[in-house]
Each structure stands twice: as C-alpha cells, then as structure tokens.
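**Student:**
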Amino acid sequence: MRKREVVAMILAGGQGSRLGVLTQNIAKPAVPFGGRYRIIDFTLSNCSNSGIYTVGVLTQYMPMELHTHIGVGSPWDLDRLNGGVFILPPHQKASGANWYQGTADAVYQNIPFIDAYNPDVVLILSGDHIYKMNYNKMIAFHKDKGARCTIAVTDVPLSEASRFGIMNTNEDMSIYEFEEKPRHPKSTKASMGIYVFNWALLKEALIEDAANVNSAHDFGKNVIPMLVERGEKLYAYPFRGYWKDVGTIESLWEANMDLLSENDELNIEDSTWRIYSSAPVKPAQYLGGAARITNSIITDGCEVYGEVIHSILSTNVKVEKNAKIIDSVIMPDAYIGENVIINKAIIGSNAIIRKNSIVGDGKNVTAIGLYEEVKAGMVAN
Amino acid sequence: MLKKCMAVINLDENEDMIRELTQNRLLASVPIAGRYRIIDFVLSNLSNAGVENVGIFSKMECRSLTDHIGDGRPWDLNRRTEGIRVFNFSTLEPRIDDVFSFANNIEYFERSAQDYLLLTSSYMICNIDFNDVLNYHKQSGNDITIVYKHVDDADDNFFLCEMLDIGEDGKIEGVGRNIGKENEADICMEMYLMKKSLFVEILAECVTTGRFRKIKNAIYSMLDRYNVGTYEYKGYLRCINSLQAYYKASMELLNPRVYKELFLDERPIYTKTTTEVPAKYLEGNMVKNSIIGNGSLIKGTVRNSILFRKVQVGAGATVSNCIIFQGAVIGDGCKLTNIIADKYVEIEPGKELKGDKDMPFVVPKRRDLIKEV
Numbered sequence: 014m015r016k017r018e019v020v021a022m023i024l025a026g027g028q029g030s031r032l033g034v035l036t037q038n039i040a041k042p043a044v045p046f047g048g049r050y051r052i053i054d055f056t057l058s059n060c061s062n063s064g065i066y067t068v069g070v071l072t073q074y075m076p077m078e079l080h081t082h083i084g085v086g087s088p089w090d091l092d093r094l095n096g097g098v099f100i101l102p103p104h105q106k107a108s109g110a111n112w113y114q115g116t117a118d119a120v121y122q123n124i125p126f127i128d129a130y131n132p133d134v135v136l137i138l139s140g141d142h143i144y145k146m147n148y149n150k151m152i153a154f155h156k157d158k159g160a161r162c163t164i165a166v167t168d169v170p171l172s173e174a175s176r177f178g179i180m181n182t183n184e185d186m187s188i189y190e191f192e193e194k195p196r197h198p199k200s201t202k203a204s205m206g207i208y209v210f211n212w213a214l215l216k217e218a219l220i221e222d223a224a225n226v227n228s229a230h231d232f233g234k235n236v237i238p239m240l241v242e243r244g245e246k247l248y249a250y251p252f253r254g255y256w257k258d259v260g261t262i263e264s265l266w267e268a269n270m271d272l273l274s275e276n277d278e279l280n281i282e283d284s285t286w287r288i289y290s291s292a293p294v295k296p297a298q299y300l301g302g303a304a305r306i307t308n309s310i311i312t313d314g315c316e317v318y319g320e321v322i323h324s325i326l327s328t329n330v331k332v333e334k335n336a337k338i339i340d341s342v343i344m345p346d347a348y349i350g351e352n353v354i355i356n357k358a359i360i361g362s363n364a365i366i367r368k369n370s371i372v373g374d375g376k377n378v379t380a381i382g383l384y385e386e387v388k389a390g391m392v393a394n
Numbered sequence: 094m095l096k097k098c099m100a101v102i103n104l105d106e107n108e109d110m111i112r113e114l115t116q117n118r119l120l121a122s123v124p125i126a127g128r129y130r131i132i133d134f135v136l137s138n139l140s141n142a143g144v145e146n147v148g149i150f151s152k153m154e155c156r157s158l159t160d161h162i163g164d165g166r167p168w169d170l171n172r173r174t175e176g177i178r179v180f181n182f183s184t185l186e187p188r189i190d191d192v193f194s195f196a197n198n199i200e201y202f203e204r205s206a207q208d209y210l211l212l213t214s215s216y217m218i219c220n221i222d223f224n225d226v227l228n229y230h231k232q233s234g235n236d237i238t239i240v241y242k243h244v245d246d247a248d249d250n251f252f253l254c255e256m257l258d259i260g261e262d263g264k265i266e267g268v269g270r271n272i273g274k275e276n277e278a279d280i281c282m283e284m285y286l287m288k289k290s291l292f293v294e295i296l297a298e299c300v301t302t303g304r305f306r307k308i309k310n311a312i313y314s315m316l317d318r319y320n321v322g323t324y325e326y327k328g329y330l331r332c333i334n335s336l337q338a339y340y341k342a343s344m345e346l347l348n349p350r351v352y353k354e355l356f357l358d359e360r361p362i363y364t365k366t367t368t369e370v371p372a373k374y375l376e377g378n379m380v381k382n383s384i385i386g387n388g389s390l391i392k393g394t395v396r397n398s399i400l401f402r403k404v405q406v407g408a409g410a411t412v413s414n415c416i417i418f419q420g421a422v423i424g425d426g427c428k429l430t431n432i433i434a435d436k437y438v439e440i441e442p443g444k445e446l447k448g449d450k451d452m453p454f455v456v457p458k459r460r461d462l463i464k465e466v
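Protein sequences appear in the order of chains A and B.
Take 14 as the starting number for the first sequence in my numbering and just add one per residue.
Take 94 as the starting number for the second sequence in my numbering and just add one per residue.
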C-alpha cells in the first residue's frame, strides 16, 4: 500500500454509559447532535478538512447505527481510491479472540492496519468530542518541537481542573508531569484525549503496554504516564477554541444549547470548515399557521404546529399544536403530541410523546430513550 | 422492479411562459418546494420503481442541470452498468427537435438491455408508481400506454397542456390542447410506455419519412395503426409550464394535505444534498404557514412563503406570499409581497417590493437591489 504521512485512529468503541438511556442501543459517537449531525461527524469532518484521508474507526459497543452512518465515508469525502475510512471492529486472530480491553489495546490490535500505510505519525482521536480543529497545525507543532508524542490541551478553569487529566509543562510546553484528576491541580492544561505519536514510538509503547498484565490498556491512564516516566520528549499543544466532551447527559444538553447562544464559539455555519454528515433526504421544514418559534434551530423534514422556545429540533420531528418545547433537544424522527410540555429535556430518536403529557421539570435535564413512549397524560421527569 | 424498463426523460419542453426562471437554466432544474429541482420528481419516481437506466435528453443551458445530476447518486442511479446519462440536444440551436437528438444517439437505445422504454417529461409534478403503469401496460395488450389524469379544474390549471380524447374502450381517439374552456379534462402527463423495439421503429420512420420532428406527434398520428391505450393516475398533479403555474403550485404546497400527497414516506423524493446547517430562528422572528430551507437565518416575519436554503431575513422585514431561492439576503425592514426572488438576490434594507397574486414579480438571479453609491 502507498505510504501515508499521517494515519488517524478514532476511538469509537466505548459504551458511554454516563449517557444512560441515550446510549442504550447505540454507540456514543452515533448519538445525534445539533439537529442534523451525529457526534462523530465533528471528528470525521476535522480529518477530512485537515486533508487526512486515511482514517481507522475503532468500534465495539452497539456499532450497527454507527457503521451504517459511516458507510463508505462519502459524506466526509473519505471514500478514497487509496486509503479512506476503515471500520475496525475487534476480530478473531490465530492466537484467539479478544474484545478491545481499552483504548490502547484497540489500537494495539490494529497495528497491522497502521503498518500497512507505514505512516510517520499516528493521530489518536476520540469519536465523542464536539470541536473544530485543524490537525495539521498540531502535527506541524509536533514536528517543530521535535516531539515524540504531542498531546492537545485546552485551558480549563482551575476550579474544574480536578475533573481532567492535567499536563504540567515547562515553559517550552514540554511535559514533565501528568496527573490524572489531581486533587490539587498545578496547572489548568487539560488533556483533550488527542495525541500525535511518532509511529515507531507508539508501536513500541503499545507492544510494551500489551505485555503488562497490570495495565488497563488505556492511553490516558497507562500509555502516557509510562512515556512521561521514561522521560520521552512529550509536548503539550495548546488548543484554543470550542471543545466539549459530551460524555454526560448534562454536557450533551449544554453543548446543544451552546449552538443557540449568541456568541456561539463553535460556529458550525463556518463555510471554510464544514461539518459533514450523512442525513436522509427529507422535504424542507414546514411551520404551520399556529407555530411559534423563538431562538431555535430546526432541521429538514420537521413539521411544527406548536411552540418551540430555545430548543433544537432534529431531522423529521413532528410537533403537534399547543405543544410547548422549552430548552430542549429533540432527536430525529421523534413525535411530540398535542398539549405536550417539554421543559429542559433530551428526547431520543423515534421517541413518541403522547398528547397531554409533561416531560422535564425545567431543573435537571430529563432524557427519554430511543423509541421510548411517554403515554398520554403522563409526567416524566 | 423495473429492471426491464429504461427511461428517457425528454427535456424538449416549452419554456416560453416561464422565461423569468429559465434564463440561465432548463425548466427541469428550476428550484421548487424549498429544496428540490423540478426534475427530482420524475427521477425519484423512476428510482423508486427500480429503473436503473435513465437517459436525460437535455438542451441548451444545461450547466445547472448537469451540476445537479452529477453521477446520479442522490437517486441511487450511479450504477456500474447503465445508470444515468445526460445527452445534450444541442449547444447552439435551441429549437432542434427530439427526433434529431434521439436518432443521433440511436446507439444508446440499441445497446440498452431493457425490453421496455418509458418516455417521459420532467415538468409534471407528481408521485407516481411506474411499476403499476408497467403492470397495467403488460396486461392491457396496448402497444403504447399514455399516462393521464382526469381533472375537474382544467379551467384553472393545466393551461395549454395536452388533453386526451379517450374512447369508451379506453383507447385514445385524439389529442388536443387545454385552453381552459371546460373544467373537466383528461390531461396527458406526457409519459409514454412501449416496447423499446417499437420506439426504435417509430424513430426510424420519423427519420426516413421526415414527417415528424417530435416523437410524440408521430405517436399521435399513428392512433389508427397502433393500439394506444391509457393509464389513469389518481394522485396529486401539477404541470409547471408557466410562471403562474409554478407560483400557484408552490403556494399549494403550503397546504399540509397537498404536501403529504406529494411527499410520501413509502416513495420519497430525492435530491442532491448539501451540508447546510439547520435553520436558525432568532429573537423577534414570526413564521407562519411556510416552508423553510436549511441554513436559513430568520429574524423577521415570514408568512405563506417558501424559503430555500441559506436565506437571510433581516429584523423587522416582512416576507408574504413569496418564493425566495437559495442564498438571498433580505435586508432589515424590507417588505416583500408576491415576489419570486431567484438565487443569491440581495435586497437593500427598507425596500418595498410588491407583485400581484396572479402575476408575481420576479427578481432575477444575483440581482442586488442595493442603491449605487
């Protein structure tokens, strides 16, 4: 196969259990976001927009919808003659069959895939972050510094730093210490889970990690600390811009609401850095005579006869008359019946909310699962 | 599935009465219903029926059409063998007729593996099951089956459409034109199904005798010789053969009942997709009974209108009974009534434009209605 300078590996196999009912039947990266996207679209679009056309997607948990969504990769221009997007699920080998034990193990089990392209650097990405990033800049930084491994970091408030993996760096951004969720953080540089490795180093580190029976085979917990300890040249790449790990129901809701804020930092409208997705073709949205829409985002195929306030309606949602949707995210193909009140909730795809029912209390975010039905007149908080 | 049938979309359609929108494009690629082009309906009907060999016989100004069609993927017509093809009528002479063009590409017909051929127009907006037409054709014993719809509003719609005179036995006895005198009529949908071999035979006769320049006229003159029957279509139909018809049909789509007759879940209408963001409705907007395209940004009032993708409506602006094509920017405080604005139109803040209910005012493509400085 033709040599590639960069191969990207997207980690998309985790269960995302903190998203509760929303990931009961679907992998986290395939969860709908922002009206017409799925979470993984951001990472795939970043790859494509950065000109990285050889991409492996490591899948494991509930992959059907995710696989269907990615297909041959044409929405992201990743259906290439040489390279393109590859779905890499766990597989049987002559030595036996193993699930992916952790993020590092998933990449370890696919060393032959990466070797086939003999890349200089490997980019390790997460399939569950909302952000726009030009990976070329990070790779250029990596080369400039003569780094063996570079970790993207984002500035977080000191008060929240103990929720993240924190990089402590020297003035030249070289990393001297890595602390996972430190009680007394020394810096505010949080790891974004985005790594650039020289392939030779990564391969060697993965093989070493795989042999370690005490390891959880995780990049953040095992591989990076091991490399820091060994005194490898690790650098932190400071990323400025919107970035959100949508790992919880609360953060998924917040990231959606961020799209409605006036100083929307993500700016998905940016025509120079498009976010691509594979969406079914639906007729243009129709707003009936009684519809009232305030500060909201609405997508193709929607039919609205009720009131929508500060909310997001994804593809093909129907809102009947006198229904009221406030501060909520309605995922594709959901049905909202007459007189329903939805206040601060995430309604899963294909969910049916029958008439006169109430979902959400406006305080905590209420999530209704995929295909779930809320019966007429019920209250779901 | 119609694997045994090829389709020829004949774009030799009269565009004289819709010149305002066909200056830079074919009638077939005029935008419609917020995100489609006229040709999407016939292409989707063919695709939904399983037709895998479609030839589009185009004419001048087909950049917009070929751009839209691409490799046919949106309609699942990017097949390894056959699939979709665009043939150009002519690059210079706009009035070269279809017989000339078909004869020039006779190889296409001969090489196609299908037994049947469906010749169809593009401007008949409908959602039809062609499988049913073929099944009917086969069991009827017709040589040629023509699709029609019986309407009771011919005095209001379908002006200048062909009208069939159908005998008791369901055979066609004559073909006339609707000039709006009566309300009941059997409107010809310009869809002709026959054996491919018969099509080639008729084509050859047109060429050798030189009597016909349009294939359908040849068919109409052979009613004695061939068994020409009819298939009645009962769904929603409009013919987009004039600006008035276009405007009227578009406004009808704002009625959810009509809309649902055309956009069926089981037979979707496909189109080339873009990567537009969803539409955003900002503080102060008021949108009633309207179709809105993705990527639009709405601060003002929109009533009984169709907005295509990426249309901006400024604060305090009012858009009523309008059709606004992709990429228009409507300034703050504008007042537009009965307007059709072509693509990428820019309208200065505060401008008032008014057309008539029966005669909408058309703002041409890329026209900036902004004061010169």
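Glycine included, every Cβ here is placed at the ideal spot set by N, Cα and C.
1. Compare the C-beta of residue 459 (chain B) with all C-beta atoms of chain A and state if any pair is closer than 8 Å.
2. Do you know whose CA, among A:47, A:88 and A:77, lies nearest residue 290 (chain A)'s CA?
3. Leaving out five residues on either side along the sequence, give the residues of the same chain with a beta carbon under 6 Å from the beta carbon of residue 99 (chain B).
4. For residue 239 (chain A), report the span of its alpha helix (DSSP H) as first-last.
5. What residues in the segment 306 to 318 of chain A bring their beta carbon closer than 8 Å to a beta carbon of chain B?
6. Output yes or no for whether 8 Å exceeds the beta carbon distance between residue 165 (chain A) and residue 186 (chain A).
7. Would you grab the beta carbon distance between residue 289 (chain B) and residue 202 (chain B) for me? Rounded to a whole angstrom, and I think it's under 8 Å.
8. Along chain B, in chain order, which residues have C-beta atoms closer than 7 Å to that of residue 282 (chain A)?
9. Is the separation between the beta-carbon of residue 357 (chain A) and that of residue 373 (chain A) shorter than 8 Å?
10. DSSP beta-bridge partners for residue 253 (chain A)?
11. So, is the C-beta of residue 356 (chain B) closer than 8 Å to a C-beta in chain A?
12. Would residue 95 (chain B) pass as an interface residue toward chain A - the criterion being a Cβ-Cβ separation below 8 Å?
13. Among the candidates A:212, A:104, A:138 and A:180, whose CA atom is the shortest distance from the CA of residue 129 (chain A)?
14. Return the bridge partner residues of residue 181 (chain A) from the DSSP annotation.
15. Short check: CB of residue 218 (chain B) to CB of residue 299 (chain A), under 8 Å?
16. Between residue 414 (chain B) and chain A, is the shortest Cβ-Cβ distance under 8 Å, so that the two count as touching?
17. Quick check on the DSSP output: what are the complete beta strand (DSSP E) runs of length 3 or more inside the segment 401 to 453 of chain B, in order along the chain?
18. On a CA-only basis, which of B:144, B:214 and B:175 is nearest residue 104 (chain B)? Give me that one, please.
19. Return yes when the Cβ of residue 279 (chain A) is within less than 8 Å of the Cβ of residue 376 (chain A), no when it is not.
20. Measuring CB to CB, does residue 307 (chain A) end up less than 8 Å from residue 326 (chain A)?
21. Grouping DSSP H, G and I as helix and E and B as strand, with all else coil, what is residue 309 (chain A)?
22. As a quick exercise: from B:451, B:336 and B:442, pick the residue whose alpha carbon is nearest that of residue 435 (chain B).
23. Using the C-alpha atoms, what's the distance from residue 284 (chain A) back to residue 466 (chain B)?
24. Taking its Cβ as the centre, do 16 or more other Cβ atoms sit within 10 Å of residue 236 (chain A), making it buried, or is it exposed?
25. Using a cut-off of 9 Å between C-beta atoms, extract the partners of residue 44 (chain A) located in chain B.
26. Where does residue 466 (chain B) fall in DSSP's three states?
27. Reducing DSSP to helix, strand and coil, say where residue 299 (chain B) ends up.
28. Give me, in chain order, the residues of the same chain whose beta-carbon lies closer than 7 Å to that of residue 112 (chain A); leave out the 5 immediate sequence neighbours on both sides.
29. Closer than 7 Å by C-beta to residue 379 (chain B): which residues in its own chain qualify, once you throw out the five before and the five after it? Chain order, please.
30. Give a yes or no on contact between the segment 273 to 287 of chain B and the segment 253 to 261 of chain B, applying the rule of three or more CB pairs nearer than 8 Å.
31. Along the segment 100 to 128 of chain B, where does the CB come closer than 7 Å to a CB of chain A? Name the residues.
32. Pull out every residue of the segment 384 to 404 of chain B whose Cβ sits closer than 7 Å to any Cβ of chain A, in chain order.
33. Name the chain B residues whose beta carbon is nearer than 7 Å to that of residue 287 (chain A)?
34. Mind pulling the chain A residues with CB within less than 8 Å of residue 352 (chain B)?
35. Return the chain-ordered list of same chain residues with a C-beta closer than 7 Å to the C-beta of residue 176 (chain A), the five sequence neighbours on each side being excluded.
36. Kindly indicate the opening and closing residues of the alpha helix (DSSP H) around residue 80 (chain A).
**Tutor:** Well, looking at it:
1. The count along the second sequence starts at 1 and reaches residue 459 (chain B) at position 366. Closer than 8 Å: no.
2. By 1-based counting over the first sequence, the position of residue 290 (chain A) is 277. When only C-alpha atoms are compared, the closest one is A:88.
3. Locating residue 99 (chain B) in the second sequence gives position 6, counting from the first residue. Only 146, 205, 207 and 210 meet the Cβ criterion.
4. Here residue 239 (chain A) corresponds to residue number 226 of the first sequence, with the count starting at 1. Start and end: 237 to 242.
5. Taken in chain order, the members of the segment 306 to 318 of chain A whose beta-carbon sits within less than 8 Å of a beta-carbon on chain B are 306, 307, 308, 309, 310, 311, 312, 313 and 316.
6. Mapped onto the first sequence, residue 165 (chain A) falls at position 152. Mapped onto the first sequence, residue 186 (chain A) falls at position 173. No, the Cβ-Cβ distance between residue 165 (chain A) and residue 186 (chain A) is not below 8 Å.
7. Locating residue 289 (chain B) in the second sequence gives position 196, counting from the first residue. Locating residue 202 (chain B) in the second sequence gives position 109, counting from the first residue. That belief holds up - the Cβ atoms of residue 289 (chain B) and residue 202 (chain B) are roughly 7 Å apart, short of 8 Å.
8. Along the first sequence, one-based indexing puts residue 282 (chain A) at 269. What residue 282 (chain A) touches in chain B: 370.
9. The residue labelled residue 357 (chain A) in the question sits at position 344 within the first sequence. The residue labelled residue 373 (chain A) in the question sits at position 360 within the first sequence. Closer than 8 Å, so yes.
10. Working through the first sequence from its first residue, we reach residue 253 (chain A) at position 240. Bridge partners of residue 253 (chain A): none, in fact.
11. What you label residue 356 (chain B) is simply residue 263 of the second sequence in a count that begins at 1. It does; some Cβ of chain A falls within 8 Å.
12. Position 2 of the second sequence, counted from the start, is the residue given in the question as residue 95 (chain B). No, its Cβ sits nowhere closer than 8 Å to a Cβ of chain A.
13. The residue you call residue 129 (chain A) lines up with position 116 of the first sequence. Nearest of A:212, A:104, A:138 and A:180 to residue 129 (chain A), Cα basis: A:212.
14. Stepping through the first sequence from its first residue, residue 181 (chain A) is reached at position 168. Answer is A:190, bridged to residue 181 (chain A).
15. As a first step, residue 218 (chain B) must be located in the second sequence, where it is residue number 125. As a first step, residue 299 (chain A) must be located in the first sequence, where it is residue number 286. Residue 218 (chain B) is not a Cβ neighbour of residue 299 (chain A), given a cutoff of 8 Å.
16. Translated into the one-based positions of the second sequence, residue 414 (chain B) becomes position 321. It does not: the Cβ of residue 414 (chain B) has no partner Cβ on chain A nearer than 8 Å.
17. 411 to 413, 428 to 430, 432 to 434 and 445 to 447
18. The residue labelled residue 104 (chain B) in the question sits at position 11 within the second sequence. Among B:144, B:214 and B:175, the Cα nearest to that of residue 104 (chain B) belongs to B:214.
19. In the first sequence, the residue the question calls residue 376 (chain A) occupies position 363. In the first sequence, the residue the question calls residue 279 (chain A) occupies position 266. Not a contact, by the Cβ cut-off of 8 Å.
20. Position 294 of the first sequence, counted from the first residue, corresponds to residue 307 (chain A). Position 313 of the first sequence, counted from the first residue, corresponds to residue 326 (chain A). The answer is no: Cβ separation not under 8 Å.
21. Translated into the one-based positions of the first sequence, residue 309 (chain A) becomes position 296. Residue 309 (chain A) carries a strand assignment under DSSP once its states are collapsed to helix, strand and coil.
22. Your numbering for residue 435 (chain B) matches position 342 in the second sequence. Measuring from the Cα of residue 435 (chain B), the nearest candidate turns out to be B:336.
23. Residue 466 (chain B) sits at position 373 when you count from the first residue of the second sequence. Residue 284 (chain A) sits at position 271 when you count from the first residue of the first sequence. With a pLDDT of 47 at residue 466 (chain B), under the threshold of 50, the modelled position of this residue cannot be trusted, and the question is left open.
24. The sequence position of residue 236 (chain A) within the first sequence is 223, counting from 1. Counting Cβ neighbours within 10 Å, residue 236 (chain A) comes out buried, since at least 16 surround it.
25. Here residue 44 (chain A) refers to the residue found at position 31 when the first sequence is read from its first residue. For a Cβ distance threshold of 9 Å, nothing in chain B lies close to residue 44 (chain A): the least Cβ distance comes to about 17 Å.
26. The count along the second sequence starts at 1 and reaches residue 466 (chain B) at position 373. Because the pLDDT of residue 466 (chain B) is 47, which lies under 50, any placement of that residue in the model is unreliable, and the question is left without a value.
27. Sequence index remark: in the second sequence, residue 299 (chain B) carries index 206 (1-based). Under the three-state reduction of DSSP output, residue 299 (chain B) falls in the helix class.
28. As a working note, residue 112 (chain A) is residue 99 in the first sequence. So the qualifying residues of the chain are 73 and 103.
29. What you label residue 379 (chain B) is simply residue 286 of the second sequence in a count that begins at 1. 394, listed in sequence order.
30. Judged by pairs of C-beta atoms under 8 Å, the segment 273 to 287 of chain B touches the segment 253 to 261 of chain B, as three or more such pairs exist.
31. Within the segment 100 to 128 of chain B, the qualifying residues are 126, 127 and 128.
32. 384, 385, 386 and 387
33. The residue given as residue 287 (chain A) occupies position 274 in the first sequence. Correct list: 368.
34. On the second sequence, position 259 is the one that residue 352 (chain B) refers to. Per Cβ cutoff of 8 Å: 296 and 299.
35. For the purposes of this step, residue 176 (chain A) is taken as residue 163 along the first sequence, with counting starting at 1. These residues qualify, in order along the chain: 194.
36. Taking the first residue of the first sequence as position 1, residue 80 (chain A) is located at position 67. That run of the alpha helix (DSSP H) goes 77 to 83.
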